[in-house]
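I have placed the structure first, in the form of structure tokens, so that the comments after it can refer back to it.
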Ligand SMILES: [Zn+2]
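Numbering (the numbering used here), first residue to last: 1234 to 1410.
This is how it looks when you write it as structure tokens:
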């Protein structure tokens, strides 16, 4: 196993690994479900102070999952209906990004959402500035977590930051009719 770190690790410092997780973009489990899986599969029991017993926190995770699902369901379709959905979807994305700021384990999902946000925002003139903001943050994240040998993504982001008009989705949803 190879681990990459976002910060320096002190000698002897414990490194924790997540056995399950509602922080994974691919499997949005609720904290309750996560607790059950930890118990059943790994014999790990949460104590009563665990966040998974915190109702407000669980509600947030639930809302976050709903936002994530709504954003992932959105497909860019070159129709007026598709165009109308763009501001709405970008608003959901902003709400999700706000949640993620509070949850500092959200690096991978934040990267994914910034990438998706960029691809949506770049399609219209009035959100190009937002698209640049997303791709710039995605670049800052990815250059810290991707192995240098696999930095095609980093180069791609740099390119999009400098010349957004070269991206294949650039202004593709701008009204032309
Ligand atoms: Zn727990």
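In this text, a Cβ means the ideal position worked out from N, Cα and C, and glycines have one as well.
Where the alpha helix (DSSP H) through residue i begins and ends
i            : result
residue 1381 : Taken as a continuous stretch (DSSP letters only), residue 1381 belongs to no alpha helix (DSSP H), as it is neither H nor E.
residue 1298 : 1288 to 1306
residue 1311 : Neither: residue 1311 is in no alpha helix (DSSP H) and is coded neither H nor E.
residue 1267 : 1264 to 1270
Residue i versus residue j: straight-line alpha-carbon distance, rounded
i            : j            : result
residue 1374 : residue 1330 : 14 angstroms
residue 1320 : residue 1347 : 15 angstroms
residue 1315 : residue 1324 : 15 angstroms
residue 1403 : residue 1365 : 11 angstroms
residue 1309 : residue 1281 : 44 angstroms
residue 1395 : residue 1317 : 28 angstroms
residue 1259 : residue 1266 : Residue placement at residue 1259 is flagged as unreliable, the pLDDT there being 45, under the threshold of 50; the coordinate-derived value follows with that caveat. Between residue 1259 and residue 1266, the C-alpha separation is close to 15 angstroms.
residue 1322 : residue 1389 : 24 angstroms
residue 1398 : residue 1358 : 11 angstroms
residue 1379 : residue 1340 : 12 angstroms
DSSP-derived helix/strand/coil call for residue i
i            : result
residue 1357 : coil
residue 1247 : coil
residue 1322 : helix
residue 1392 : helix
residue 1282 : coil
Residue i and residue j closer than 8 angstroms at C-beta
i            : j            : result
residue 1333 : residue 1342 : yes
residue 1277 : residue 1252 : yes
residue 1406 : residue 1311 : yes
residue 1271 : residue 1377 : no
residue 1387 : residue 1372 : yes
residue 1285 : residue 1291 : yes
residue 1383 : residue 1393 : no
residue 1328 : residue 1363 : no
residue 1326 : residue 1304 : yes
residue 1279 : residue 1296 : no
Min CB distance residue i to chain C below 8 angstroms
i            : result
residue 1352 : Judged by its chain identifiers, the structure shown contains no chain C, having just a single protein chain.
For ligand 2, residues whose Cβ lies under 5 angstroms from any non-hydrogen atom:
Absence of ligand 2 from the depicted structure is noted, with ligand 1 being the only ligands included.
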